[in-house]
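Numbering (the numbering used here), first residue to last: 19 to 337.
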């Protein structure tokens, strides 16, 4: 058994899991990066042999444990060398993932559990009457609004406190819907998180498997292929939400159609736009012009939805 690395900061000892404590107690020797770590006194009192940083262990030291600072580069180095790394309360796909996530994993687990606790109280009989009366339908508008406020913060380049707050509001919507589903016996917040974790692992075989890729474009091709296998869709446009903004819906539809041979070049798309606009302007012709403008944007590597939104913002800010 290789060296076990337990990344836990002195301020996080209350977030140590029972399994980690059992490993520390059973270890032949526990090494510490920090001589003032509060776990040292507890382990000595429990009769465990402890060592200082000067007795630095190697990845192959069987039966040994290193209690490391989560931000220490040594955690990742030892994972790459073959050491086992604890992910605390999380389940990591591999030791390197646990090492990379070490600075965040305990705080994130605690904070998200706190969100679940607050949401459960708000939806309970002893909670908030407004929160209790909401359902999935009534919250749709709030989910859209919060998502757009995230986009607005990014467009305004307010990617500090503003973006943090807006992302929190989106996360609230996720927790709200998950709590309602839990009360209906369908799924809960843990199921939502576990589902996206499994999806990310399955769709990144070049990270968590042995698939080799040449670059980002091949990553996207593999993603689409894996997704198609998972969903087993018969309709090539299935999964494109009807509620999407029109420009975005056209963009995603054309992108999906590209897999079946549709791919307009810039010149061809421009001619289609010109043809639609030279005819008497009616709803159908305007729709055609907009559709081919989207194709022109795709051919130029542009996002039409993003471009129009930013143009609107510029117009509103012009005196």
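Even for Gly, the Cβ is constructed at its ideal location relative to N, Cα and C.
- Under DSSP, residue 22 forms a beta bridge with 83, 102.
- Taking 8 Å as the cut-off, the Cβ atoms of residue 280 and residue 272 count as close.
- The DSSP-derived three-state label of residue 203 is coil.
- Between residue 168 and residue 181, the beta carbon gap of about 7 Å places them in contact (Cβ cut-off 8 Å).
- Assignment of residue 237 by DSSP, reduced to helix, strand and coil, places it in the helix class.
- For residue 157, same chain residues with a beta-carbon under 7 Å away, outside a window of 5 residues either side, are 191, 194, 195 in chain order.
- With respect to the C-alpha of residue 187, the residue from 299, 210, 160 having the closest C-alpha is 160.
- Between residue 139 and residue 150, the gap from beta carbon to beta carbon reaches 8 Å or more.
- When DSSP states are grouped into helix, strand and coil, residue 333 belongs to the helix group.
- A Cβ-Cβ contact shorter than 8 Å links residue 58 with residue 50.
- Annotation for residue 62: 68 place their beta carbon closer than 7 Å to its own, counting only its chain and skipping 5 residues before and after.
- The count of Cβ pairs closer than 8 Å, one atom from the stretch 34-44 and one from the stretch 126-135, stays below three, leaving the stretches out of contact.
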